[in-house]
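Residues in the sequence shown are numbered from 105 upward in steps of one, following the numbering used here. Here the structure is laid out as structure tokens; the discussion comes afterwards.
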Amino acid sequence: EYLEIVVKDIAWLDVEIQRLEDTVEKLEQQRLNARKRRDLILASFAPINRAPAEILAEIFSLYCEDEILDRPLMGYTHPADLLSVVCFRWKSTVESTPKLWSRISI
């Protein structure tokens, strides 16, 4: 009879451990999501994210002027393509700045 009680206790503990492990996994995912939200908020305070689009376009123009990629970088051969994958704002700026596309490397 005592053995049965101990076996039942072990089974109950196994169930509780699994339940707690599931809870920990959910909490870790929530923490990861919260950290991502925090990082997005912090990134919005970065000076580059407050610069007007015209300033970004000028910086991008200077970069693209001097930087024709000899070999693909992350699959991109034109520096404007590379800039456009950084974030949505940079993509919009690149696409609305014809000056960036005036030089094409063949």
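Think of the CB as a built atom: it goes at the ideal place given N, C-alpha and C, for glycine as much as any other residue.
Distance CB(residue 199)-CB(residue 206) smaller than 8 Å: Residue numbering aside, residue 199 sits at position 95 when the sequence shown is read from its first letter. Residue numbering aside, residue 206 sits at position 102 when the sequence shown is read from its first letter. No, the Cβ-Cβ distance between residue 199 and residue 206 is not below 8 Å.
Cβ distance (whole Å) where residue 204 is taken to contact residue 149 below 8 Å: Position 100 of the sequence shown, counting from 1, holds the residue named residue 204. Position 45 of the sequence shown, counting from 1, holds the residue named residue 149. Contact doesn't hold; Cβ gap of about 27 Å is too wide.
7 Å CB neighbourhood of residue 114 in its chain, flanking five on each side removed: Position 10 of the sequence shown holds residue 114. Hits under 7 Å: none found.
Exposure of residue 184, with buried meaning 16 or more beta-carbon neighbours within 10 Å: Taking the sequence shown and counting its residues from 1, one reaches residue 184 at position 80. Buried.
8 Å Cβ cutoff met for residue 161 and residue 201: Counting from 1 along the sequence shown, the entry for residue 161 is found at position 57. Counting from 1 along the sequence shown, the entry for residue 201 is found at position 97. Contact: yes.
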